[in-house]
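Just so we're aligned, residue 33 is where the sequence shown starts under this note's numbering, counting upward by one.
By construction, the Cβ of each residue, glycine as well, lies at the ideal position given by its N, Cα and C atoms.
Accompanying notes for the structure given below.
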Amino acid sequence: MNFTKMHGAGNDYIYVNGFEEKLENAAELAVKISNRNFGVGSDGLVIIHPSEAADFRMEMYNADGSQSQMCGNATRCIARYVYDNKLTDKKIVTLETLGGIKILNINTDDEGNFLSATVNMGEPVLESAKLPALFDGDRAINVPIEAAGERWLVTAVGMGNPHCVTFLEDSPAKLELWQIGPLFENHKAFPERVNTEFCCVHSPTLLEMRVWERGSGETLACGTGACATAVAAILLGHCQKDTDITLRLRGGDLTIRWNSTDNCVYKTGPAEFICTGKY
């Protein structure tokens with residue numbers, strides 16, 4: 033199997049051209065190929081397919097073999113993959129995901145070289161029942177939960193995947209996330225598990241974040257998580273709509289904007305090739 037390894041702000045996946053490669057047992061393959069000791073090493077596996085509803089369709093698996101609805105960093109990498117490999121000459125590409133159809137805007141320099149991608153991530157889902165999340169009331173905004181023997185205030189946001197965002201007074205760099213993360217991921221309030229973002233507010237336009245992704249553990253970046261964190265920060269009054277907000281993640285920075293005109297969240301960031309190979 034031919035593959036390409038790419039990363040978006042350090043969030044690395046193995047990408048396979050589904051136009052040419054026909055995979056069986058993709059979930060099992062994701063576990064093997066993602067292993068950083070005995071495989072290629074990645075946060076998961078992404079297959080790029082033809083689509084009847086959009087220009088392309090993504091099929092995505094986490095490192096543990098569980099299927100994911102979508103990934104913001106992976107969508108940007110797909111934008112670069114299809115553009116640089118001449119699968120399209122469009123600079124606005126539609127992508128079918130299990131979290132809905134996403135619109136990818138490819139930003140280039142004057143010579144047409146890829147610079148970055150801006151993804152319309154759609155409207156945030158705030159209704160707890162749709163995430164799903166088991167809280168009293170229609171929405172979970174700054175509500176308490178118990179984890180790791182402590183009380184945490186969390187905000188639940190859906191951005192194609194379910195997210196649980198909690199704000200800290202200090203940098204999340206000090207957290208022992210490998211201990212705390214699984215307790216949030218498997219918390220009884222989230223029957224289908226949850227991605228969790230631990231965030232510190234540095235200014236109304238700068239947030240620092242670490243993420244624990246369901247099925248993958250801590251990753252260096254999470255695009256849907258950055259969007260969910262910006263939405264939560266706006267809901268709590270830390271930031272404002274219609275403003276570019278920098279999300280500082282361990283793997284790099286992403287720019288998030290929640291527009292009031294269409295209520296959609298836009299994410300801009302890099303997408304980088306690492307290597308190609310045969311597995």
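Which of helix, strand or coil DSSP assigns to residue i
i, result
"residue 101", "coil"
"residue 107", "helix"
"residue 114", "helix"
"residue 206", "helix"
"residue 310", "strand"
"residue 85", "coil"
"residue 160", "helix"
"residue 120", "coil"
"residue 285", "strand"
"residue 54", "coil"
"residue 220", "coil"
"residue 90", "strand"
"residue 150", "strand"
"residue 166", "coil"
"residue 71", "coil"
"residue 155", "coil"
"residue 129", "strand"
"residue 76", "strand"
"residue 275", "coil"
Option nearest residue i by Cα separation, candidates the options
i, options, result
"residue 179", "196, 191, 189 and 171", "196"
"residue 312", "133, 272 and 147", "Outside the modelled stretch of the chain, which goes from 33 to 311, sits residue 312, for which no answer is possible."
"residue 94", "34, 303 and 79", "79"
"residue 181", "216, 201 and 165", "216"
"residue 287", "46, 84 and 108", "108"
"residue 189", "248, 266, 308 and 250", "266"
"residue 55", "105, 73 and 81", "81"
"residue 247", "91, 240, 306 and 99", "99"
"residue 295", "205, 158 and 176", "158"
"residue 298", "161, 135, 280 and 115", "135"
"residue 208", "227, 242 and 129", "242"
"residue 47", "274, 62 and 278", "62"
"residue 234", "60, 42, 278 and 156", "278"
"residue 155", "139, 133, 149 and 170", "133"
"residue 42", "284, 240, 245 and 191", "284"
"residue 171", "113, 264, 116 and 115", "264"
First and last residue of the uninterrupted alpha helix (DSSP H) at residue i
i, result
"residue 255", "255 to 267"
"residue 62", "58 to 66"
"residue 216", "209 to 217"
Residue i - containing beta strand (DSSP E), residue span
i, result
"residue 35", "34 to 40"
"residue 133", "132 to 140"
"residue 293", "No beta strand (DSSP E) holds residue 293; DSSP gives it neither H nor E."
"residue 270", "Where residue 270 is concerned, there is no enclosing beta strand (DSSP E), given that its DSSP letter is neither H nor E."
"residue 229", "227 to 235"
"residue 44", "43 to 49"
Bridge partners - residue i, DSSP secondary structure assignment
i, result
"residue 245", "249"
"residue 186", "175 and 198"
"residue 143", "None, per the DSSP bridge assignment."
"residue 301", "149"
Alpha carbon of residue i to alpha carbon of residue j, nearest angstrom
i, j, result
"residue 236", "residue 144", "34 angstroms"
"residue 302", "residue 76", "18 angstroms"
"residue 310", "residue 34", "5 angstroms"
"residue 165", "residue 65", "32 angstroms"
"residue 211", "residue 254", "19 angstroms"
"residue 151", "residue 261", "16 angstroms"
"residue 71", "residue 306", "15 angstroms"
"residue 141", "residue 118", "17 angstroms"
"residue 67", "residue 74", "7 angstroms"
"residue 126", "residue 86", "5 angstroms"
"residue 183", "residue 167", "15 angstroms"
"residue 176", "residue 249", "23 angstroms"
"residue 186", "residue 137", "32 angstroms"
"residue 258", "residue 57", "31 angstroms"
"residue 194", "residue 271", "21 angstroms"
"residue 40", "residue 304", "6 angstroms"
"residue 229", "residue 213", "9 angstroms"
"residue 224", "residue 218", "8 angstroms"
"residue 60", "residue 227", "22 angstroms"
"residue 362", "residue 174", "Nothing about residue 362 can be reported from this structure: the residues present for the chain run from 33 to 311 only."
Proximity test, Cβ basis, 8 angstroms: residue i and chain C
i, result
"residue 112", "The chain inventory of the structure shown lacks chain C, comprising one protein chain alone."
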